[in-house]
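Engineer:
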Amino acid sequence: MNEITIVIADDHPLYRKGVISLLETQEPYRLLGEASNGIELIKLVDTLNPEVVITDINMPQMDGIEATRQLIKKYPALKVLALSMHDEEKLIAEILKAGAKGYLLKNTDKTELINAIATIMRGEIYFNYSISTYLLSKFINRERGPAEQSPTQMEENSLTEREMEILLMIVEEELTNEKIAQRLSISKRTVDTHRKNLLIKLGVNNTVGLVKAAYRKGLIKNSF
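The sequence shown finishes on residue 225 if you use the numbering used here, and the numbering steps up by one all the way, no holes.
1. Judging by CA-CA distance, which residue of 41, 3 and 26 is the nearest neighbour of residue 9?
2. Apart from the five residues just before and just after residue 111, which ones in its own chain have a Cβ nearer than 6 Å to its Cβ?
3. Quick one: using the 10 Å Cβ neighbour count with 16 as the cut-off for buried, is residue 204 buried or exposed?
4. Where do the N-terminal and C-terminal ends of the beta strand (DSSP E) with residue 80 fall, by residue?
5. Do the CB positions of residue 195 and residue 173 come within less than 7 Å of each other?
6. Roughly how many angstroms lie between the CA atoms of residue 84 and residue 128, to the nearest whole one?
7. My understanding is that residue 171 touches residue 211, with C-beta atoms under 8 Å, so please give their C-beta distance in whole angstroms.
8. Hey, how far is the Cα of residue 34 from the Cα of residue 189?
9. So the alpha helix (DSSP H) residue 210 belongs to, where does it begin and stop?
10. Decide if residue 78 is buried, meaning its Cβ has at least 16 other Cβ atoms within 10 Å, or exposed.
11. Measure how close the beta-carbons of residue 82 and residue 101 come, nearest whole angstrom, since I'm counting them as under 8 Å.
12. How many Å lie between residue 89 and residue 178 at the Cα?
13. Alpha carbon to alpha carbon, how far is residue 125 from residue 25?
14. Which one or two residues does DSSP pair with residue 9 in a beta bridge?
15. Just tell me which of 87, 43 and 169 has its CA closest to the CA of residue 74.
16. Roughly how many angstroms lie between the CA atoms of residue 221 and residue 175, to the nearest whole one?
17. According to the Cβ coordinates, are residue 61 and residue 7 closer than 7 Å?
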């Protein structure tokens, strides 16, 4: 498996070390360097050319939002994952608009961090499931169609390939999260996260609502 190279930026050294310790023993990840602010981060990326940047938002001299904006302008293929203590919609919106591909709260565990990196490396978006449907449709779909799209079209387009795959298994095969995890060779926790994201994106609270919404919105066609 090819290495995935990473640079991390956070103004708290202990937190940086904690994230680094989580990733150091995990293949195929390789930490190239660390920064304490956005200016240092940009210099590191210019020098080391990593595939992934993990960045805090609130940092001195230059925050993670401005650093992300400048980095994505220079390196459009760069994958940026934001890690923050804050879950305010304004901050989430700003970092997504700047070009970040994922957003996690700092209380995330090792499994979710690894899942997030793997997801954004596949070209998908990863976010904490508490992000509102409004943010998902407005910012995740900014390059997926005109603003005149109907809500149904936006919801359908906002589902990733993996989410559609899991939705089919839930609706058509009635598989449990455990069975889906076995089928896809991923962890149950990852399936749990995808299911939560599906509930948020389709605006429902349970599996029954998920099934009804999938048919009502035309995401899955009735076979009868």
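Virtual Cβ for every residue (Gly too), placed ideally from N, Cα, C.
None of these values were measured; they are calculated from a predicted model.
Structural biologist: Taking the definition as stated:
1. Residue mapping note: residue 9 aligns to position 8 of the sequence shown, counting from 1. Scanning 41, 3 and 26 for the CA closest to the CA of residue 9 turns up 41.
2. Position 110 of the sequence shown, counting from 1, holds the residue named residue 111. Cβ-Cβ distances below 6 Å link residue 111 to 23 in the same chain, with the five nearest sequence neighbours on each side left out; the list follows chain order.
3. Position 203 of the sequence shown, counted from the first residue, corresponds to residue 204. With fewer than 16 other Cβ atoms within 10 Å, it is exposed.
4. Here residue 80 refers to the residue found at position 79 of the sequence shown. Looking at the DSSP string, the run of the beta strand (DSSP E) that includes residue 80 is 80-85.
5. Here residue 195 corresponds to residue number 194 of the sequence shown, with the count starting at 1. Here residue 173 corresponds to residue number 172 of the sequence shown, with the count starting at 1. At least 7 Å separates the beta-carbon of residue 195 from that of residue 173.
6. By 1-based counting over the sequence shown, the position of residue 84 is 83. By 1-based counting over the sequence shown, the position of residue 128 is 127. Their backbone Cα atoms lie some 10 Å apart in a straight line.
7. Start at 1 with the first residue of the sequence shown, and residue 171 comes out as number 170. Start at 1 with the first residue of the sequence shown, and residue 211 comes out as number 210. Contact holds; Cβ gap of about 6 Å.
8. Indexing the sequence shown from 1 puts residue 34 at position 33. Indexing the sequence shown from 1 puts residue 189 at position 188. Each residue's alpha carbon lies about 32 Å from the other.
9. The residue labelled residue 210 in the question sits at position 209 within the sequence shown. Note, residue 210: alpha helix (DSSP H), 208-217.
10. One-based indexing of the sequence shown puts residue 78 at position 77. Exposed, since its Cβ has fewer than 16 Cβ neighbours within 10 Å.
11. Working through the sequence shown from its first residue, we reach residue 82 at position 81. Working through the sequence shown from its first residue, we reach residue 101 at position 100. Sure, about 7 Å apart at Cβ, within 8 Å.
12. Position 88 of the sequence shown holds residue 89. Position 177 of the sequence shown holds residue 178. In a straight line, the C-alpha of residue 89 is about 30 Å away from that of residue 178.
13. Here residue 125 refers to the residue found at position 124 when the sequence shown is read from its first residue. Here residue 25 refers to the residue found at position 24 when the sequence shown is read from its first residue. Roughly 24 Å separates the two Cα atoms.
14. For the purposes of this step, residue 9 is taken as residue 8 along the sequence shown, with counting starting at 1. Per DSSP, 35 and 55.
15. Your numbering for residue 74 matches position 73 in the sequence shown. Comparing alpha carbon positions, the residue from 87, 43 and 169 closest to residue 74 is 43.
16. Reading the sequence shown from its first residue, position 220 is the one you call residue 221. Reading the sequence shown from its first residue, position 174 is the one you call residue 175. Each residue's alpha carbon lies about 14 Å from the other.
17. Against the sequence shown, residue 61 aligns to sequence position 60. Against the sequence shown, residue 7 aligns to sequence position 6. No, the Cβ-Cβ distance between residue 61 and residue 7 is not below 7 Å.
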